[in-house]
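Residue numbers (our numbering): -2 to 588.
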């Protein structure tokens, strides 16, 4: 169906808005065949990335203080160091991608043609399909609009907060396209409205136990549709939208109701997972994240998955273990992880030893970063050691030892399946997917927003305090079923210090939890981080091995950063094509 739809709707057209380039079909043909109408929505899912190896996920962290690209010619690295040109825009493709998806949603929604079509003979089953597709069309449009707002929302050269051009009708392909950007607030309200429209049509979640008389309708409802957008996901999207809209850069009025709404919708998702989805063998908030299980209960919404995939392992392992060493974690990210007693490494009570920097760290650190002497241990069977990292000078994995080693002295473990070894007779490749919205994202959203509204300890307004929420993540198990931080005296101390200190704490927790998921780039900007802060150089670890076998650790600068603007640019070729488009502040030469 996807192949047929592509041929009919997109084909070989130069203008992505032109749906009928080959002349063999007209728009009316789509509505003669229910499979093709369903295919409109099915194709939208194809625009959602299924892994983290792209410029809006892991690579985007290379434009922050979390990571460094090994290749110095990668476009995302050029963005970070201020060297991109109009033809090397690393986010240009997402403008097209998002509007392609929105066009298909608009086509389905126009005049309720998709909703009014008959898909099945049995009325009840036909109603299930019609309502689900209508809800998905609204919800997916909201998702891709939200992506446009994150990437391209900003301040115009005249100082006005602008979003993206809102398009809710299939574009007139024969007309002279000349869109203008809507205000930031208009874009927010459009996304929220689409989420509410979707919620009216969608099941709260695609779970068998939520469907009455499942046996009679299992082909059209229930867990068969896991991975398709559902009602609870629309609540999650609203919480994320409100969180950004409430944040300092996009909330000059300091409107506290935005924080309140962010907390409200995040709590709604949290409650659903804790009470409704917490069925036998279901969701458990202390369970370690399983990145190779696209049905992991901690997921709110997940992409389609790739079977037998080794993309993340190839991307993150160094060349000496048949990987590509595509990027490495920075010393700044490593130092953000506290010690196992919960204290930051800067606190004298933490026990941190700069000459033994990887000892007794937060268990989350060992699930996220490969450091010198770290071992890649098989998680099943004999649990043998597959590989040991040698990042000291002269070691096989040291920066500069080969072109496919990280430049920072650190490699990335997050997302990597610890059972894959390309030397095995039978290589154990696992499923990989993109966990688009997770339980942890909602916990972090709630904690940040609730703290702004009522401080870190008040649990009367929302039924839970910001401190209680973040405790879920601090105590959660990690890889190998290792326990989290407990007891946690530092959490008690930072909570008692008040709202401002707790906000700093939450920001660091968010950094640790979401690293390499492509979120920090936007977090730094919504928090109104000064450009001077964004432009601080990033560092790695240089390790010298002494004659007696002891090691000497020295932090070294790896790469500068150079930003002229906290915003991303509106694509240059679109600026040339549409005279009404306004460019973002700091990109005057891209008008």
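From the three backbone atoms N, C-alpha and C, an ideal C-beta is built for every residue, glycine too.
Do you know whose CA, among the options, lies nearest residue i's CA?
| i | options | result |
| --- | --- | --- |
| residue 109 | 212, 522 and 132 | 132 |
| residue 519 | 246, 392 and 484 | 246 |
| residue 183 | 195, 202 and 163 | 163 |
| residue 41 | 104, 98 and 307 | 98 |
| residue 134 | 145, 112, 461 and 143 | 112 |
| residue 187 | 70, 360 and 146 | 146 |
| residue 420 | 318, 391, 489 and 322 | 318 |
| residue 375 | 476, 339 and 277 | 476 |
| residue 352 | 96, 552 and 211 | 552 |
| residue 363 | 391, 398, 410 and 397 | 410 |
| residue 546 | 415, 370, 432 and 461 | 370 |
| residue 57 | 33, 88 and 504 | 88 |
| residue 324 | 330, 333 and 313 | 313 |
| residue 63 | 366, 496, 389 and 500 | 366 |
| residue 165 | 100, 93 and 307 | 100 |
| residue 179 | 586, 588 and 581 | 581 |
| residue 544 | 390, 500, 515 and 571 | 390 |
| residue 267 | 576, 96 and 282 | 282 |
How far does the beta strand (DSSP E) with residue i in it reach, from first residue to last?
| i | result |
| --- | --- |
| residue 285 | From DSSP, residue 285 is part of no beta strand (DSSP E); its letter is neither H nor E. |
| residue 556 | 548 to 556 |
| residue 430 | Per DSSP, residue 430 belongs to no beta strand (DSSP E) and is neither H nor E. |
| residue 666 | In the structure as shown, the chain begins at -2 and stops at 588. Residue 666 is therefore absent and cannot be evaluated. |
| residue 65 | 64 to 66 |
| residue 397 | Neither: residue 397 is in no beta strand (DSSP E) and is coded neither H nor E. |
What is the DSSP secondary structure of residue i, counted as helix, strand or coil?
| i | result |
| --- | --- |
| residue 384 | strand |
| residue 501 | helix |
| residue 565 | coil |
| residue 408 | strand |
| residue 542 | strand |
| residue 20 | A caution first: residue 20 carries a pLDDT of 46, below 50, which makes its placement in the model unreliable, though a value can still be read off. Residue 20 falls in the coil class under three-state DSSP. |
| residue 303 | strand |
| residue 276 | coil |
| residue 491 | helix |
| residue 367 | strand |
| residue 604 | Only positions -2 to 588 of the chain appear in this structure, which leaves residue 604 out of reach. |
| residue 316 | helix |
| residue 253 | helix |
| residue 165 | coil |
| residue 442 | helix |
| residue 465 | helix |
| residue 25 | helix |
| residue 140 | helix |
| residue 270 | helix |
| residue 587 | helix |
| residue 417 | coil |
| residue 190 | helix |
| residue 486 | helix |
| residue 126 | helix |
Per DSSP, what are the beta-bridge partners of residue i in this structure?
| i | result |
| --- | --- |
| residue 479 | 475 |
| residue 372 | 385 |
| residue 452 | DSSP lists no partner for residue 452. |
| residue 153 | 581 |
| residue 158 | 152 |
| residue 535 | 556 |
| residue 346 | The partner list for residue 346 (beta bridge, DSSP) is empty, contrary to what the question assumes. |
| residue 435 | 296 |
| residue 336 | 358 |
| residue 83 | Paired residues: none, contrary to the question. |
| residue 180 | 159 |
Starting from residue i and walking both ways along the alpha helix (DSSP H), at which residues does that stretch end?
| i | result |
| --- | --- |
| residue 312 | 308 to 313 |
| residue 575 | Per DSSP, residue 575 belongs to no alpha helix (DSSP H) and is neither H nor E. |
| residue 93 | 89 to 106 |
| residue 231 | 228 to 243 |
| residue 46 | That residue, residue 46, is in no alpha helix (DSSP H); it is neither H nor E in DSSP. |
| residue 42 | 31 to 42 |
| residue 74 | 72 to 77 |
| residue 224 | No alpha helix (DSSP H) contains residue 224, which DSSP labels as neither H nor E. |
Does the beta-carbon of residue i, which I'm using as the reference point, lie nearer than 6 Å to any heavy atom of the ligand ADP?
| i | result |
| --- | --- |
| residue 217 | With respect to the ligand ADP, the structure shown offers nothing to examine, as it has no ligands at all. |
Cβ pair count under 8 Å reaching 3, the region 435 to 451 against the region 260 to 275: yes
Segment contact, 8 Å Cβ cut-off, at least three pairs: the region 229 to 236 with the region 192 to 205: yes
Validate contact between the region 532 to 543 and the region 555 to 563 using beta carbons, cut 8 Å, 3 pairs: yes
Segment contact, 8 Å Cβ cut-off, at least three pairs: the region 521 to 530 with the region 70 to 90: no
Inter-stretch contact (C-beta, 8 Å, three-pair minimum) for the region 305 to 318 and the region 391 to 407: yes
Three CB pairs or more closer than 8 Å across the region 234 to 246 and the region 432 to 443: yes
Cβ pair count under 8 Å reaching 3, the region 29 to 38 against the region 114 to 132: yes
Segment contact flag, the region 557 to 571 with the region 77 to 86, C-beta cutoff 8 Å, min 3 pairs: yes
At least three beta-carbon pairs within less than 8 Å, the region 461 to 473 to the region 492 to 504: yes
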